[in-house]
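Undergrad: First residue of the sequence shown? That's 1 in the UniProt record's numbering, and the numbers climb one at a time after it. Glycine included, C-beta positions come from ideal geometry on N, C-alpha and C.
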Amino acid sequence: MASKRKNLSFAEKNELIEKFQNSNLSKAAFSKANSIPRTTFNNILAAKLFSSNAQICDQERKRQRLSPYENVDKALLSWIKYARSQNAPIS
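What follows is the structure, given as structure tokens:
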């Protein structure tokens, strides 16, 4: 049996936000018209800051998980770029 839940990509979420901003419907009426649960639509609207940041990334992604250690990620990325420029094997 197929799952009832459907994960929306960032592109689909952005499209829904734009449609809602251009319409004069309430949140409940808009979510009912688009066959989305009201709470899901409210969560999409609340997290539109993350979805706007996702425009930089791949639009087909479903979730955006942020690392709690940003400085470690930046240091690792710079090390990988350096190692690649030196033709060192990375595994």
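Taking the C-alpha atoms as reference points, what is the distance between asparagine 24 and arginine 65?
TA: Looking up residue 24 in the sequence shown gives position 24. Looking up residue 65 in the sequence shown gives position 65. C-alpha separation (whole angstroms): 32 Å.
Undergrad: Between leucine 16 and asparagine 42, how many whole angstroms is the CB-CB distance? I'm expecting something under 8 Å.
TA: Indexing the sequence shown from 1 puts residue 16 at position 16. Indexing the sequence shown from 1 puts residue 42 at position 42. At roughly 12 Å, the Cβ-Cβ gap does not stay under 8 Å, so leucine 16 and asparagine 42 are not in contact.
Undergrad: Among residues of its own chain, excluding the 5 on either side of arginine 84, which ones have a beta-carbon nearer than 8 Å to its beta-carbon?
TA: Taking the first residue of the sequence shown as position 1, residue 84 is located at position 84. Here the set comprises Ile90.
Undergrad: Could you work out which residue in Val72, Asp73 and Lys6 is closest to proline 37 when comparing CA atoms only?
TA: Within the sequence shown, residue 37 is the residue found at index 37, counting from 1. Of the listed residues, the one whose Cα sits closest to proline 37 is Lys6.
Undergrad: Alpha carbon to alpha carbon, how far is phenylalanine 20 from serine 9?
TA: Numbered from 1 along the sequence shown, position 20 holds the residue referred to as residue 20. Numbered from 1 along the sequence shown, position 9 holds the residue referred to as residue 9. So the two alpha carbons sit approximately 17 Å from each other.
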